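Below is one structure; the comments refer to it alone.
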Amino acid sequence: MDEITRLKEILSTSRRAVFFGGAGMSTESGIPDFRSAGGIYSETLHREFTPEQMASHSFLMAHPAEFFDFYRRRFVYLSAAPNEGHRALAELERRGILAAVATQNIDGLHQAAGSKTVYELHGSIRRAYCMDCGARYALSYIMEHTPIPRCSCGGIVRPDVVLYEESLDTATIEGAAAAIRAADTLIIGGTSLIVYPAAGLIDAFRGAHLILINKTETHADARAELIIRTPIGAALHAALP
Ligand code: ZN
Numbered sequence: 000m001d002e003i004t005r006l007k008e009i010l011s012t013s014r015r016a017v018f019f020g021g022a023g024m025s026t027e028s029g030i031p032d033f034r035s036a037g038g039i040y041s042e043t044l045h046r047e048f049t050p051e052q053m054a055s056h057s058f059l060m061a062h063p064a065e066f067f068d069f070y071r072r073r074f075v076y077l078s079a080a081p082n083e084g085h086r087a088l089a090e091l092e093r094r095g096i097l098a099a100v101a102t103q104n105i106d107g108l109h110q111a112a113g114s115k116t117v118y119e120l121h122g123s124i125r126r127a128y129c130m131d132c133g134a135r136y137a138l139s140y141i142m143e144h145t146p147i148p149r150c151s152c153g154g155i156v157r158p159d160v161v162l163y164e165e166s167l168d169t170a171t172i173e174g175a176a177a178a179i180r181a182a183d184t185l186i187i188g189g190t191s192l193i194v195y196p197a198a199g200l201i202d203a204f205r206g207a208h209l210i211l212i213n214k215t216e217t218h219a220d221a222r223a224e225l226i227i228r229t230p231i232g233a234a235l236h237a238a239l240p
């Protein structure tokens with residue numbers, strides 16, 4: 000039996016499956032991993048920065064204009080659409096097979112595909128808020144107000160994403176952990192499992208079927224019942240029971 004057929008069989012008996020996904024899920028929608036950008040030379044600051052430095056809390060505070068310029072160009076892909084993998088996961092949830100999606104991605108494509116229970120561990124580009132008064136804003140506000148988007152109170156309107164040096168939202172991590180703890184099947188796709196808190200969340204899994212869909216090896220491979228090396232979107236679509 001091939002791997003996809005086996006996955007289909009597992010899903011047909013699952014009732015509380017969870018999908019845990021990373022950047023690989025969205026590269027198939029044309030969104031590159033921002034870390035792949037390499038060093039970036041800032042003309043205004045006369046210095047080269049790594050993508051991680053530019054996506055950090057201290058960079059936002061010290062150089063907000065450069066931060067937002069980088070953010071608009073490297074984090075926001077307005078034309079990106081859900082791929083067949085996103086759509087398959089939404090369909091699995093509608094059918095009562097999948098309980099939740101936990102994602103490291105910030106693009107909102109799972110919700111765009113119709114998924115309802117989505118734990119966005121690193122936040123979402125779709126949301127923004129004022130750092131001073133907390134007022135909520137949409138992504139369009141950041142895109143339209145250059146160079147630095149400001150609230151009516153004068154505060155900076157920042158994206159609701161977790162930057163380097165910042166901690167993750169506790170309620171979101173706990174929600175994802177609870178879903179994984181209760182899951183009968185855990186599918187991990189498109190993530191190296193290196194970025195915090197991925198590894199810890201995987202350890203919460205007590206269910207019967209651990210499935211990995213990833214191009215390269217991860218440290219969880221040894222624990223997996225099934226390892227699929229084909230692209231995630233095609234694999235999930237083909238595995239719909
Ligand atoms: Zn404000």
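Each step along the sequence shown adds one to the number in numbering that gives the first Met the number 0, with nothing skipped, and position 183 is 182. Just so you know, even glycine gets a beta-carbon here, dropped at the ideal spot from N, CA and C. On a predicted model such as this, the values are computed, not experimentally measured, just so you know.
In terms of residue numbering, what span does the alpha helix (DSSP H) encompassing residue i cover?
{"i": "residue 109", "result": "108 to 112"}
{"i": "residue 67", "result": "63 to 73"}
{"i": "residue 273", "result": "Only positions 0 to 240 of the chain appear in this structure, which leaves residue 273 out of reach."}
{"i": "residue 232", "result": "231 to 237"}
{"i": "residue 51", "result": "50 to 53"}
Can you find a heavy atom of the ligand ZN that lies under 7 Å from the Cβ of residue i?
{"i": "residue 159", "result": "no"}
{"i": "residue 127", "result": "no"}
{"i": "residue 154", "result": "yes"}
{"i": "residue 242", "result": "Past the boundaries of the shown model lies residue 242; the chain is included only from 0 to 240, so the question cannot be answered."}
{"i": "residue 131", "result": "yes"}
For residue i and residue j, what's the separation of their Cα atoms in angstroms?
{"i": "residue 139", "j": "residue 228", "result": "37 Å"}
{"i": "residue 239", "j": "residue 34", "result": "32 Å"}
{"i": "residue 145", "j": "residue 66", "result": "11 Å"}
{"i": "residue 79", "j": "residue 106", "result": "9 Å"}
{"i": "residue 211", "j": "residue 163", "result": "27 Å"}
{"i": "residue 115", "j": "residue 48", "result": "37 Å"}
{"i": "residue 209", "j": "residue 121", "result": "23 Å"}
{"i": "residue 133", "j": "residue 118", "result": "21 Å"}
{"i": "residue 169", "j": "residue 1", "result": "39 Å"}
{"i": "residue 97", "j": "residue 60", "result": "40 Å"}
{"i": "residue 173", "j": "residue 157", "result": "24 Å"}
{"i": "residue 58", "j": "residue 160", "result": "14 Å"}
{"i": "residue 113", "j": "residue 41", "result": "39 Å"}
{"i": "residue 29", "j": "residue 19", "result": "19 Å"}
{"i": "residue 247", "j": "residue 84", "result": "Nothing in the structure corresponds to residue 247, since the chain is present only between 0 and 240."}
{"i": "residue 230", "j": "residue 125", "result": "26 Å"}
{"i": "residue 70", "j": "residue 50", "result": "10 Å"}
{"i": "residue 56", "j": "residue 165", "result": "7 Å"}
{"i": "residue 43", "j": "residue 75", "result": "22 Å"}
{"i": "residue 148", "j": "residue 110", "result": "25 Å"}
{"i": "residue 128", "j": "residue 26", "result": "27 Å"}
{"i": "residue 10", "j": "residue 225", "result": "12 Å"}
Please list the terminal residues of the continuous beta strand (DSSP E) segment that includes residue i.
{"i": "residue 102", "result": "97 to 102"}
{"i": "residue 20", "result": "16 to 20"}
{"i": "residue 218", "result": "Per DSSP, residue 218 belongs to no beta strand (DSSP E) and is neither H nor E."}
{"i": "residue 193", "result": "It is not in any beta strand (DSSP E) - residue 193 carries neither H nor E in the DSSP assignment."}
{"i": "residue 94", "result": "No beta strand (DSSP E) contains residue 94, which DSSP labels as neither H nor E."}
{"i": "residue 241", "result": "Residue numbering for the chain in the displayed model covers 0 to 240; residue 241 lies beyond these limits and cannot be assessed."}
{"i": "residue 41", "result": "39 to 41"}
{"i": "residue 188", "result": "184 to 188"}
Between residue i and residue j, how many whole angstroms is the CB-CB distance? I'm expecting something under 8 Å.
{"i": "residue 179", "j": "residue 192", "result": "Incorrect: roughly 13 Å between the Cβ atoms, too far for contact."}
{"i": "residue 242", "j": "residue 182", "result": "Here the chain comprises residues numbered 0 to 240, so residue 242 is not present and cannot be evaluated."}
{"i": "residue 197", "j": "residue 103", "result": "7 Å"}
Any heavy atom of the ligand FAD closer than 7 Å to the beta-carbon of residue i?
{"i": "residue 30", "result": "The ligand content of the structure shown is limited to the ligand ZN, which means the ligand FAD is not among them."}
- Message: For a minimum of 4 consecutive residues, which ranges assigned as the alpha helix (DSSP H) are wholly contained in the stretch 117 to 171?
- Response: Listed in chain order, the complete alpha helix (DSSP H) runs (minimum 4 residues) inside the stretch 117 to 171 are 138 to 143.
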